[in-house]
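Colleague:
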Ligand code: SAH
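Residue numbers (the working numbering): 182 to 430.
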């Protein structure tokens with residue numbers, strides 16, 4: 182079923198109890214694909230105890246060394262955060278987040294990322310996200326327990342999933358969705374070309390690329406559109422090579 186394309190990714194979780202409670206929260210809401218990026222202490226008895234019957238979700242959990250590995254084939258990535266960030270990422274309410282994931286899952290794998298208990302998701306990890314979702318809370322006490330945050334968003338996904346299943350709304354993109362791996366390739370190519378034409382200052386490259394990533398995450402490209410952009414970048418490189426050659430002659 183389409184929910185099987187939705188993966189819950191815990192990034193560097195430290196408490197095995199939270200991993201177990203996450204598995205339980207997921208299984209209650211028909212989600213089965215748990216990815217753990219560099220977990221500090223897993224597997225273990227604490228995780229299994231807290232899973233309470235969702236051991237199958239734990240046993241099938243995919244352990245990844247890096248976020249790249251966990252997101253490789255995903256065409257939509259949504260991060261979660263308890264707080265407002267300095268440079269804001271496009272944000273979604275829990276229900277819209279669930280709707281995006283459920284709709285996206287009809288085309289291929291999508292991911293919902295949760296951060297480490299103490300630090301949350303780092304900026305570089307949020308850069309990988311098309312959107313960020315914050316569960317509304319008391320203004321002065323906004324940080325939920327990791328597994329509780331998973332539970333609330335898993336509930337929304339399940340709820341929206343049941344109603345979307347009948348409505349079956351389609352994504353408006355025409356071409357095949359673009360994987361995270363391909364987006365990273367586009368960004369590397371773009372960075373190279375922007376440096377080549379002197380638009381990007383290598384001494385201060387982060388800010389521009391982050392803004393461009395935000396722009397493309399907001400648009401959500403399809404494969405044909407990405408190929409056009411890669412083609413333009415290659416044409417710029419070839420044009421520059423031709424100019425350099427003419428100058429030498
Ligand atoms: N100080 C961290 C808190 C981490 S709590 C921060 O500000 O992000 C651990 C994880 O639980 C978070 O990374 C996020 O994935 C999730 N979480 C906690 N509270 C949340 C909230 N209000 N909305 C969305 N996710 C939340």
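Idealized CB from N, CA, C, for every residue including glycine.
1) Does residue 383 come out as helix, strand or coil in the three-state DSSP assignment?
2) What is the DSSP secondary structure of residue 256, reduced to helix, strand or coil?
3) When DSSP labels each residue in this structure, what does residue 295 get in the three-state scheme?
4) Say the cut is 7 Å; is the CB of residue 316 nearer than that to a heavy atom of the ligand NAP?
5) The ligand SAH and residue 300: does the residue's C-beta get closer than 7 Å to at least one heavy atom of that ligand?
6) Looking at residue 198 and the ligand SAH, is the gap between the Cβ and the nearest heavy atom below 7 Å?
7) Just to confirm the assignment, what range does the alpha helix (DSSP H) spanning residue 244 have?
8) Measure from the alpha carbon of residue 262 to the alpha carbon of each residue in 208, 322 and 369, then state which is nearest.
9) Please report the distance separating the alpha-carbon of residue 428 from that of residue 373.
10) Leaving out five residues before and five after residue 257 in sequence, what residues of the same chain have Cβ atoms less than 8 Å from its Cβ?
11) Sorted by chain position, which residues of the same chain lie with C-beta nearer than 7 Å to residue 297's C-beta, five sequence neighbours on each side aside?
12) Assign residue 205 to one of two classes, buried (16 or more other C-beta atoms within 10 Å of its C-beta) or exposed (fewer than that).
13) Work out the CA separation of residue 301 and residue 325 for me, nearest whole Å.
14) Cβ of residue 193 within 7 Å of any heavy atom in the ligand SAH?
15) For residue 344, does the three-state DSSP call read helix, strand or coil?
16) In the DSSP assignment, what residue or residues form a beta bridge with residue 301?
Modeller: Taking the definition as stated:
1) Residue numbering aside, residue 383 sits at position 202 when the chain shown is read from its first letter. Residue state, collapsed to three classes: coil.
2) Taking the chain shown and counting its residues from 1, one reaches residue 256 at position 75. Three-state result, residue 256: coil.
3) Walking along the chain shown from the start, residue 295 turns up at place 114. If DSSP states are grouped into helix, strand and coil, residue 295 belongs with the strands.
4) This structure lacks the ligand NAP; the ligands present are the ligand SAH.
5) The residue labelled residue 300 in the question sits at position 119 within the chain shown. Relative to the ligand SAH, the beta carbon of residue 300 is positioned inside 7 Å of a heavy atom.
6) Position 17 of the chain shown, counted from the first residue, corresponds to residue 198. Every heavy atom of the ligand SAH is 7 Å or more from the Cβ of residue 198, so no.
7) Here the question's residue 244 lines up with position 63 in the chain shown. No alpha helix (DSSP H) contains residue 244, which is instead part of the beta strand (DSSP E) from 243–245.
8) What you label residue 262 is simply residue 81 of the chain shown in a count that begins at 1. Ranking 208, 322 and 369 by Cα distance to residue 262 puts 322 first.
9) The residue labelled residue 428 in the question sits at position 247 within the chain shown. The residue labelled residue 373 in the question sits at position 192 within the chain shown. One Cα belongs to residue 428, the other to residue 373, and the distance between them is close to 21 Å.
10) For the purposes of this step, residue 257 is taken as the residue at position 76 of the chain shown. Non-local C-beta neighbours of residue 257 in its own chain, meaning closer than 8 Å and more than five positions away in sequence, comprise 281, 282, 285, 291, 292, 311, 358 and 401, ordered along the chain.
11) As a first step, residue 297 must be located in the chain shown, where it is residue number 116. Excluding the 5 residues flanking it on each side, residue 297 has same chain C-beta neighbours closer than 7 Å at 192, 193, 194 and 195, in chain order.
12) Counting from one through the chain shown, the residue named residue 205 turns up at place 24. Result: buried.
13) Indexing the chain shown from 1 puts residue 325 at position 144. Indexing the chain shown from 1 puts residue 301 at position 120. Between residue 325 and residue 301, the C-alpha separation is close to 11 Å.
14) Locating residue 193 in the chain shown gives position 12, where the first residue counts as 1. Result no, Cβ not under 7 Å from the ligand SAH.
15) Reading the chain shown from its first residue, position 163 is the one you call residue 344. Residue 344: helix per DSSP, three-state reduction.
16) What you label residue 301 is simply residue 120 of the chain shown in a count that begins at 1. Residue 301 is bridged by DSSP to 297.
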